[in-house]
Structure formats: C-alpha cells, structure tokens
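The opening residue of the sequence shown carries number 1 in the numbering used here; numbering runs sequentially from there.
Beta carbons are placed, not taken as given, at the ideal position from N, Cα and C, and that holds for glycine.
Being a predicted model, the structure only gives us computed values, none of them experimental.
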Amino acid sequence: MRKGIHPENYRVVAFKDMSNDDVFLTKSTADTNETIEVDGVEYPLVKMEISRTSHPYYTGKSKLVDTAGRIDKFKNKYAKFKK
1 MRKGIHPENY
11 RVVAFKDMSN
21 DDVFLTKSTA
31 DTNETIEVDG
41 VEYPLVKMEI
51 SRTSHPYYTG
61 KSKLVDTAGR
71 IDKFKNKYAK
81 FKK
C-alpha cells in the first residue's frame, strides 16, 4: 500500500436514519458538527434520509419518502399536460 494516500482520521460515528430514527455506529471519516449520545457515550452524528432499515429493497415494503417535495414539483410542472 502506498503511504500518505489514506485518511488518518477514522473514528466511530453515529449515523441516524431520519425517516425512522434508527441509529447505528460505524467507523467513518465523514465531517460533521453535530453530536448524539448513544449508550452514555457522545459520538459525531451524520443524518441520512434513507438507510438499510428504511430502504424498500432491504425492508420489502414500499414507502414514499419525499422530503424535498420532488413529487409535488413534478405534478405541478406536468399538470398542464393532463387530459
């Protein structure tokens, strides 16, 4: 392995799925300013819209997650073509 090309700041980070409030810990180099307490220990927090606990592929359930309003924008944009 070449030296100096891999990040040195690996640390345990909490990832939080905002759609179902699931939190899991893993090592990461992701930058974040927020923290969360898990089992009495404070960890850096990375928020996600979808994870393995809410993604339809892994859960087998179809769930609509539209936090950015994309569906409404699409419907408004193409409403004029509706017959």
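What does the alpha-carbon distance come out to for the pair asparagine 33 and phenylalanine 81?
Mapped onto the sequence shown, residue 33 falls at position 33. Mapped onto the sequence shown, residue 81 falls at position 81. Going by the C-alpha atoms only, they are around 45 Å apart.
Could you give the first and the last residue of the continuous alpha helix (DSSP H) run that contains phenylalanine 24?
Position 24 of the sequence shown, counted from the start, is the residue given in the question as residue 24. Run containing phenylalanine 24: none in the alpha helix (DSSP H); it sits in the beta strand (DSSP E), 22-28.
Can you say whether valine 41 is buried or exposed, counting buried as having 16 or more other CB atoms within 10 angstroms of its CB?
Numbered from 1 along the sequence shown, position 41 holds the residue referred to as residue 41. Flag for valine 41 reads exposed.
Start and end of the beta strand (DSSP E) containing phenylalanine 15?
As a first step, residue 15 is located in the sequence shown; it is residue number 15 there, counting from the start. For phenylalanine 15, the uninterrupted beta strand (DSSP E) segment begins and ends at 11-17.
Take the Cβ of tyrosine 78 as the centre, count every other Cβ of all protein chains shown within 10 Å, and call the residue buried at 16 or more, exposed below.
Mapped onto the sequence shown, residue 78 falls at position 78. The residue is exposed, with fewer than 16 neighbouring Cβ atoms inside 10 Å.
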